[in-house]
DNA sequence: GACGTAAGGTCAATGGCGTTGGCATAAGAG
DNA sequence: CTCTTATGCCAACGCCATTGACCTTACGTC
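Chains as they are written, first to last, in UniProt numbering: chain A, 1 to 235; chain B, 1 to 235.
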């Protein structure tokens, strides 16, 4: 039966599958991440994962309550590696920039996985540590408490939002991706000046810029505004 | 057979279903939107939609190439109503704020639909019109072309990113939503000062703020930075 | 070292899904 | 009034997640 899932730390008997593979939460999550990368976010199915692990699909239910539970485990793994090894420098603007870019990068590095997990909230240790770190950077920089909370809220949600958005476009199936890019060339670049003058004049610049992430720019603009706010508060 | 989908404007024979309903793209999309609202983003299935329309599921394939095509049509409908009725005032900051809040609001008003469509790029008429409008606001305000494109990119992607993020949390099944809120109260509000001093001191403010969208704040910060940039360029 | 227990594997079945090919029928052109 | 064909219905296919029953082997105990 599937109900009583044994937590990883209490597992004792590691019976190999018929093919000789020895399973573990870690192995399953890593295999799932690889499958997501190779087959896209819809390519992760219990059957296929079982096949890749050389195990019956139903075996997965010994480790996770269902595919949704597995999804959360994958998200947890992503969050874990985002801030792994980061240390604050004491320069607030540099530190915030680093944290933002790291979280963004961790998600974008696994777009298909990010697609499944960005909207889920875990509230686990890694998330708490990141929040505490960001708040500490702001307070240590001299932001008053109210401003700290406001800037923190905008900062963290902006980071997650862009991570999700950029992951989504990276995770598009290659056919749809090609179609989108083609649309950029065929539609935007050729709009007549009479009906869309602003797009027409900006088309070359747009074509170069729109294929990159706007997150670094948006982040810098947010930091600009925060710096101005800090000046106003302390001077 | 399903292949040759007749475009809406060339339809002539409106044969009613067995139950008497007369189908149309519009009716199907509206019904789908209603089902999304009522049954969540996973509750939209061809079979259920057929049931709601009093038609065989396969009939849908006379109107859309598949469920994915229907998804795009839903997204197009959302974009359409976002800027419906908006007129620029000539004050750039006010205009950008209005466009951003309108697009954000349109998606958030249909969270489950937004969940399915925010990551898709249509390149259709409504999207083009919005882009042209934003570019025009910036150029008319006096932004140089390069700055215009940079600010436009950050503005539009930030708007879509926050729309997706906020829609995602609104679209959570109510059980998960309740669990998340409970987590906020039970975890963040009670973290010991020794291990998480910054979260502890900010907890009351956080609890009040985190349940709202950070988009208005982030938008205002982006406009702050853009205004400073405009000053620097023109003075 | 033998043994009993239950963790952790397999197998088979259920009900739901998107999608398609074949067929029936009625709307509208002539 | 007749003919064409757009548009509806039906039945079936091959996926999917999940579950209950069963089997087997790793390990703690003696």
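Using N, Cα and C, we set each Cβ at its ideal position, and we do this for glycine too.
At least one CB of chain B closer than 8 Å to the CB of residue 17(A): is that the case? Taking the first residue of the first chain as position 1, residue 17(A) is located at position 17. False, the Cβ-Cβ gap to chain B never drops below 8 Å.
If the cut is a Cβ gap below 8 Å, which residues of chain A does residue 145(B) touch? Counting from one through the second chain, the residue named residue 145(B) turns up at place 145. Result: 201, 202, 205.
Do the segment 187-200 of chain B and the segment 125-140 of chain A touch if we need at least three Cβ pairs shorter than 8 Å? yes
Of all the CB atoms in chain B, is at least one closer than 8 Å to the CB of residue 253(A)? Beyond the ends of chain A as shown, which are 1 and 235, falls residue 253(A); an answer cannot be given.
With contact counted as at least three CB pairs below 8 Å, one residue from each stretch, are the segment 76-88 of chain B and the segment 104-111 of chain B in contact? yes
Chain-ordered neighbours of residue 149(B) on chain A, where CB pairs are closer than 7 Å: As a working mapping, residue 149(B) is identified with position 149 in the second chain. Here the neighbours are 202, 205, 206, 209.
Quick one: measure Cβ to Cβ for residue 55(A) and residue 33(A), integer angstroms, because I've assumed they're closer than 8 Å. As a working mapping, residue 55(A) is identified with position 55 in the first chain. As a working mapping, residue 33(A) is identified with position 33 in the first chain. In fact, because the Cβ distance is near 17 Å, the residues do not count as touching under 8 Å.
Please decide whether residue 218(A) counts as near chain B, where near means a Cβ-Cβ distance under 8 Å. Counted from its first residue, the first chain places residue 218(A) at position 218. It does: the Cβ of residue 218(A) has a partner Cβ on chain B nearer than 8 Å.
Starting from the C-beta of residue 78(B), find all residues in its chain whose C-beta is less than 8 Å away, skip the five residues before and the five after it, and write them out in chain order. One-based indexing of the second chain puts residue 78(B) at position 78. These residues qualify, in order along the chain: 106, 107, 110, 113, 114, 117.
Using C-beta distances below 7 Å, list every residue in its chain close to residue 67(B), excluding the 5 sequence neighbours before and after it, in chain order. Translated into the one-based positions of the second chain, residue 67(B) becomes position 67. For residue 67(B), where only same-chain residues beyond five positions count, the Cβ hits under 7 Å are 46.
For my contact list, residue 230(A) and residue 143(A) are in at a C-beta cut-off of 8 Å; report their separation, rounded to the angstrom. Position 230 of the first chain, counting from 1, holds the residue named residue 230(A). Position 143 of the first chain, counting from 1, holds the residue named residue 143(A). So it is a contact: roughly 6 Å between Cβ atoms.
Curious, which full-length alpha helix (DSSP H) runs of at least 4 residues does the segment 24-72 of chain A contain? 25-39, 46-53
Following the continuous alpha helix (DSSP H) through residue 188(B), name the residue where it begins and the one where it ends. For the purposes of this step, residue 188(B) is taken as residue 188 along the second chain, with counting starting at 1. Note, residue 188(B): premise wrong, no alpha helix (DSSP H); not H, not E.
Going by beta carbon distance, what residues of the same chain come within less than 8 Å of residue 227(B), once the five residues before and after it are set aside? Looking up residue 227(B) in the second chain gives position 227. Cβ neighbours of residue 227(B) beyond the five flanking positions: 93.
Pick out whichever of 52(A), 90(A), 28(A), 210(A) has its Cα sitting closest to the Cα of residue 61(A). By 1-based counting over the first chain, the position of residue 61(A) is 61. Comparing Cα positions, the closest option is 28(A).
Does residue 159(B) pass the burial test, meaning 16 or more other C-beta atoms within 10 Å, or should it be called exposed? The residue you call residue 159(B) lines up with position 159 of the second chain. The residue in question, residue 159(B), is buried, as its Cβ has 16 or more Cβ neighbours within 10 Å.
Using only alpha-carbon positions, find the residue among 15(A), 153(A), 71(A), 224(A) that is nearest to residue 41(A). Mapped onto the first chain, residue 41(A) falls at position 41. When each option's Cα is compared against that of residue 41(A), the closest is 71(A).
Please classify residue 6(A): is it buried, with 16 or more other beta-carbons within 10 angstroms of its beta-carbon, or exposed? In the first chain, residue 6(A) corresponds to position 6, counting from 1. Per the 10 Å Cβ criterion, exposed.
With 16 other CB atoms within 10 Å as the buried threshold, where does residue 195(A) fall? Here residue 195(A) refers to the residue found at position 195 when the first chain is read from its first residue. Exposed, because fewer than 16 other Cβ atoms sit within 10 Å of the Cβ of residue 195(A).
Neighbour list for residue 237(A) in chain B, Cβ cutoff strictly below 7 Å: The structure shown does not extend to residue 237(A), since chain A spans only 1 to 235, so no value can be given for it.
Looking at C-beta atoms only, is the number of pairs between the segment 204-212 of chain B and the segment 149-159 of chain B that lie closer than 8 Å three or more? no
In chain order, which continuous runs of the alpha helix (DSSP H) of length 4 or greater are located wholly inside the segment 80-154 of chain A? 92-108, 111-117, 125-141
Rounded to a whole number of angstroms, what is the C-alpha to C-alpha distance between residue 1(A) and residue 57(A)? For this step, residue 1(A) is matched to residue 1 along the first chain. For this step, residue 57(A) is matched to residue 57 along the first chain. In this predicted model, residue 1(A) has a pLDDT of only 45, less than 50, meaning its place in the structure is not dependable enough to derive any value.
Take residue 96(B) as the anchor and find which of 216(B), 233(B), 232(B) has the nearest alpha-carbon. In the second chain, residue 96(B) corresponds to position 96, counting from 1. Nearest option by C-alpha distance: 216(B).
Ordered along the chain, which non-local residues of its own chain (more than five positions away) have a Cβ less than 7 Å from that of residue 137(B)? Position 137 of the second chain, counting from 1, holds the residue named residue 137(B). Cβ neighbours of residue 137(B) beyond the five flanking positions: 88, 92, 95, 96.
Please check if any C-beta of chain B sits within less than 8 Å of the C-beta of residue 84(A). For the purposes of this step, residue 84(A) is taken as the residue at position 84 of the first chain. So, not an interface residue.
Within 8 Å (strictly less), CB to CB, does residue 119(A) reach chain B? One-based indexing of the first chain puts residue 119(A) at position 119. So yes, residue 119(A) belongs to the interface.
Have a look at 140(A), 156(A), 18(A), 164(A) and flag the residue whose alpha-carbon is nearest the alpha-carbon of residue 75(A). Position 75 of the first chain holds residue 75(A). Of the listed residues, the one whose Cα sits closest to residue 75(A) is 164(A).
Just the C-alpha distance for residue 26(B) and residue 18(B), rounded to the nearest angstrom, thanks. One-based indexing of the second chain puts residue 26(B) at position 26. One-based indexing of the second chain puts residue 18(B) at position 18. Rounded to whole angstroms, residue 26(B) to residue 18(B) spans 19 Å at the Cα level.
With DSSP collapsed to three states, give me the class of residue 223(B). Mapped onto the second chain, residue 223(B) falls at position 223. Residue 223(B): helix per DSSP, three-state reduction.
Looking at C-alpha atoms only, which residue of 132(B), 186(B), 100(B) is the closest neighbour of residue 192(A)? Translated into the one-based positions of the first chain, residue 192(A) becomes position 192. Ranking the options by Cα distance to residue 192(A), first place goes to 132(B).
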